[in-house]
Amino acid sequence: MRETTIGGCEVGYEKAFQTAQDDPKGFWLDAAQDLEWLKAPTVAHDAATDGWFPDGKINTCINAVDRHVAAGRGDQAALIYESPITGKSATYTYSELLERVSRTAGMLAASGVKKGDRVVIYMPMVPEAVFGMLACARIGAIHSVVFGGFAAPELAKRIEDSKPVAVLSASCGLEPNRTIAYKPLLDKAIELSSHKPDACFILQREELRCELVPNRDLDWNAAYDAATAVDPVPVASTDPLYILYTSGTTGTPKGVVRDNGGHATALSWSMKAIYGVEAGDVYWAASDIGWVVGHSYIVYGPLLAGATSVLFEGKPIGTPDAGIFWTLIDKHNVKVLFTAPTAIRAIRRADPDGEFIAKASLDSLTALFLAGERADPDTLLWIADQLKKPVIDHWWQTELGWPAIATCFGMGETQIKPGSAGRAVPGYRFKVKDEAGHDADAGTVGTLLIEQPLPPGNFRALWNNPERFQQGFVDFAGHYTSGDAGMIDADGFIHIMGRTDDIINVAGHRLSTGQMEEVVANHPAVVECAVVGAADELKGEMAVAFVVTRAGVGDLDSVKKDIVRTIREDIGAIASPRDVFFADALPKTRSGKVLRNLLRAILNGQEIVVPQTIEDASVIDALVDLAAPQPAA
Numbered sequence: 001m002r003e004t005t006i007g008g009c010e011v012g013y014e015k016a017f018q019t020a021q022d023d024p025k026g027f028w029l030d031a032a033q034d035l036e037w038l039k040a041p042t043v044a045h046d047a048a049t050d051g052w053f054p055d056g057k058i059n060t061c062i063n064a065v066d067r068h069v070a071a072g073r074g075d076q077a078a079l080i081y082e083s084p085i086t087g088k089s090a091t092y093t094y095s096e097l098l099e100r101v102s103r104t105a106g107m108l109a110a111s112g113v114k115k116g117d118r119v120v121i122y123m124p125m126v127p128e129a130v131f132g133m134l135a136c137a138r139i140g141a142i143h144s145v146v147f148g149g150f151a152a153p154e155l156a157k158r159i160e161d162s163k164p165v166a167v168l169s170a171s172c173g174l175e176p177n178r179t180i181a182y183k184p185l186l187d188k189a190i191e192l193s194s195h196k197p198d199a200c201f202i203l204q205r206e207e208l209r210c211e212l213v214p215n216r217d218l219d220w221n222a223a224y225d226a227a228t229a230v231d232p233v234p235v236a237s238t239d240p241l242y243i244l245y246t247s248g249t250t251g252t253p254k255g256v257v258r259d260n261g262g263h264a265t266a267l268s269w270s271m272k273a274i275y276g277v278e279a280g281d282v283y284w285a286a287s288d289i290g291w292v293v294g295h296s297y298i299v300y301g302p303l304l305a306g307a308t309s310v311l312f313e314g315k316p317i318g319t320p321d322a323g324i325f326w327t328l329i330d331k332h333n334v335k336v337l338f339t340a341p342t343a344i345r346a347i348r349r350a351d352p353d354g355e356f357i358a359k360a361s362l363d364s365l366t367a368l369f370l371a372g373e374r375a376d377p378d379t380l381l382w383i384a385d386q387l388k389k390p391v392i393d394h395w396w397q398t399e400l401g402w403p404a405i406a407t408c409f410g411m412g413e414t415q416i417k418p419g420s421a422g423r424a425v426p427g428y429r430f431k432v433k434d435e436a437g438h439d440a441d442a443g444t445v446g447t448l449l450i451e452q453p454l455p456p457g458n459f460r461a462l463w464n465n466p467e468r469f470q471q472g473f474v475d476f477a478g479h480y481t482s483g484d485a486g487m488i489d490a491d492g493f494i495h496i497m498g499r500t501d502d503i504i505n506v507a508g509h510r511l512s513t514g515q516m517e518e519v520v521a522n523h524p525a526v527v528e529c530a531v532v533g534a535a536d537e538l539k540g541e542m543a544v545a546f547v548v549t550r551a552g553v554g555d556l557d558s559v560k561k562d563i564v565r566t567i568r569e570d571i572g573a574i575a576s577p578r579d580v581f582f583a584d585a586l587p588k589t590r591s592g593k594v595l596r597n598l599l600r601a602i603l604n605g606q607e608i609v610v611p612q613t614i615e616d617a618s619v620i621d622a623l624v625d626l627a628a629p630q631p632a633a
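With UniProt numbering, the residue at position 597 of the sequence shown is 597, and numbering never jumps.
Listed below in structure tokens is the structure:
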């Protein structure tokens, strides 16, 4: 079994897991030694504040960029940009990255951005977005990246909550068959928000330029050219590095706060221990910087490890074809690819016989990692058979920031159980509790929990919302409630069975059905509604709306179009429902609670269990006729 070095100790998975269980403070202090600290920590964890390395001082940008140049690896590629949509590509060495980041930091500093200030980044997948994130880290500013193209009302909520002094944006984003104008969305969001940023830096893209607002908007390139490089600013290990908003169980997004020292320690350790990636290796997370995967494994993780990271502006199919992943793996000698199961499903649909895969050598590829949603066994086994490489499912959340369940490939672990995300990553202590709060037996499904304290790199707070943060820990004292149902089998493999709240997972994007219901309910023709997630072969899940209209509404097609359009405008295209069903009534308990689990069962062709508390069981037959999947002809 291959071993990995942790804080100078040669250990494999079993030893690392046990050490992290028995002596978590010593385990993580050892791991922290792999970083460059401005003041080395002597304390691992402070129970009173739940902070990791509370007496340490650090700068994440130094660890991701400067130290690699100082170590003599300035000529190594740090970032590879591939944009098959535009036909552009570029490679930035660590020395070039240092120059770009330092001057971008100077650009921000010249406009008054300082340590502790917030900066919203609303950008496409271009190198400047990465420069902006690292520039914020360099000067101690707190960045909040919002997925490019998010609807203006959603962007406005994030501006309202984080109160940025500056925004980094671009004139447009690009999809395979369309150009998305970002500037009108940004302008509308600022109009909707009571908070107004002092400055907006706009990267003008040649595909679509935009008008700048006087006395607020600055041309990115001009401001960058006028800037001078600035030195990094020391911050406390526990100071915030970024805020990343994720959908909650209500329409209000929750701002997950990540610290500096714990985050850098965990990600640096994970690159080698989980993925088997070290300095000089090429690593590709085919995600977006707007999501946690992009934060952790496009930007920070690979660069903290001194690896080369691939930044991809494209799609798994259509840019130009279903072979783009394999073409770029060969072109850049990618060692590890990380993508979502929905990408593999799309590739399989476009290339069912794996003809594009067969044309590629893939000699450099050692493993494919999947995350963002459950990897169904059929998809996992298909791609494993095509690649003839290990395909590893793993599980984590925005709140956690890095994998909690995985097969630790970097430690020589190769045993995979299709349908399971793997075993607990060292540092995590999982439990499954039944409804009575008792420990569930092996193989029994219950509520999936993680014992406190959560390891480094996990969220320590929600921005401006300590009460909501505590809600994740109140149901089971001393444990974080993951929001997922799961079970741990006799071999220690953990199986994620589904969510316990109203979050659905559309192509790796966590979306709130409660938020969608708010939009649907605002339509003047709607009396009541329910939105649930239906299983989808390509995207994992898609939203489906059940709507009861007011009496006398005749043009239901028009209502349906209005609902779909409004959801796209208010939340985003990714939330667009797969279908809208018009029903005479929704199934409810006698207390008035809509039975969403029953609606999901109908949609997915599952066994329909009618609860004794249902108000009117006759509603079910009508819904089955309306929405149940039809058998194949």
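Every residue gets a Cβ at the ideal spot worked out from N, C-alpha and C, and that includes glycine. Keep in mind the model is a prediction, meaning the values are calculated, not measured.
Short of 8 Å in beta carbon distance, which residues of its chain neighbour residue i, apart from the five on each side in sequence? Order them along the chain.
i	result
Ala-628	Ile-602, Leu-603 and Gly-605
Arg-67	Glu-36
Lys-389	Leu-362, Leu-365, Thr-366, Ala-367 and Leu-368
Gly-492	Arg-423 and Ala-424
Ile-494	Trp-395, Ile-405, Ser-420, Ala-421, Gly-422, Arg-423, Ala-424, Phe-430, Leu-448, Gly-486, Met-487 and Ile-488
Since residue i sits in a beta bridge, which residues does DSSP pair it with?
i	result
Tyr-245	Gly-255
Trp-52	His-45
Phe-546	Ala-530 and Phe-581
Leu-208	Arg-205
Ser-144	Val-120
Phe-369	Phe-338 and Ile-392
Met-487	His-495
Pro-216	The sequence as given places Arg at residue 216; Pro does not occur at that position. Answer is none; Arg-216 lacks a bridge partner.
Leu-511	Ile-504
Pro-240	Asp-259
Tyr-480	Ile-450
Pro-472	The sequence shown places Gly at residue 472, rather than the Pro named in the question. According to DSSP, which records beta bridges pairwise, Gly-472 is partnered with nothing at all.
With 16 as the cutoff for other CB atoms within 10 Å, does residue i come out buried or exposed?
i	result
Glu-82	buried
Gln-397	buried
Pro-426	buried
Ala-71	exposed
Ile-386	The residue asked about is misnamed: residue 386 is Gln in this sequence, not Ile. Buried, by the Cβ-count rule.
residue 644	No answer is possible for residue 644: it lies beyond the span of the chain, which begins at 1 and ends at 633.
Arg-158	buried
Ser-349	Note on residue identity: the sequence assigns Arg, not Ser, to residue 349. The residue is exposed, with fewer than 16 neighbouring Cβ atoms inside 10 Å.
Thr-60	buried
His-438	exposed
Glu-373	buried
Gln-33	exposed
Ser-102	buried
Ser-618	exposed
Val-230	buried
Thr-42	exposed
Gln-470	exposed
Pro-232	buried
Arg-209	exposed
Ala-633	With a pLDDT of only 44 at Ala-633, under 50, the local geometry of the prediction cannot be trusted, and the value read off the model is given with reservation. Exposed is the call here.
Tell me which residues share the same chain as residue i and place their Cβ nearer than 6 Å to its Cβ, disregarding the 5 neighbours each side in the sequence.
i	result
Ser-591	Residue placement at Ser-591 is poorly supported in this model, since its pLDDT is 48, which falls under 50; the coordinates still yield a value, given next. There are no such residues.
Glu-451	Arg-429 and His-479
Met-133	His-143 and Val-299
residue 671	Since the first and last residues shown for the chain are 1 and 633, residue 671 lies out of range.
Val-282	Thr-308, His-332, Asn-333, Val-334 and Lys-335
Gly-457	Gly-262, His-263, Ala-266, Gly-401 and Trp-402
Ala-551	none
Ala-20	Phe-27, Pro-426 and Gly-427
Ile-344	Thr-379 and Ile-383
Less than 7 Å between C-beta atoms, sequence neighbours within five positions excluded: which residues of the same chain meet that for residue i?
i	result
Asp-625	none
Thr-246	Pro-253, Lys-254, Val-256, Thr-398 and Arg-510
Pro-84	Gly-314, Thr-319, Pro-320 and Ile-324
Ser-296	Leu-267, Gly-401 and Trp-402
Gly-173	Pro-124, Gly-148, Gly-149, Ile-180 and Tyr-182
Worksheet entry | Inside the region 278-348 only - alpha helix (DSSP H) runs reaching at least 4 residues | Listed in chain order, they are 301-304 and 324-332.
Fill in: Contained beta strand (DSSP E) runs [length at least 3] in the region 67-136, N- to C-terminal order
Counting only runs of 3 or more, we get 77-83, 88-93 and 118-122.
Worksheet entry | Complete runs of the alpha helix (DSSP H) confined to the region 425-465 [at least 4 residues] | Complete alpha helix (DSSP H) runs here, min 4: none at all.
Discussion item. With a threshold of 8 Å, are at least 3 pairs of Cβ atoms found where one atom belongs to the region 307-318 and the other to the region 355-373?
Written reply: Of all C-beta pairs linking the region 307-318 to the region 355-373, fewer than three are shorter than 8 Å, placing the two stretches out of contact.
Discussion item. For the pair the region 322-336 and the region 355-362, tell me if three or more CB-CB distances fall below 8 Å.
Written reply: yes
Worksheet item: At a cut of 8 Å, does the region 541-555 reach the region 575-589 through at least three beta carbon pairs?
Response: yes
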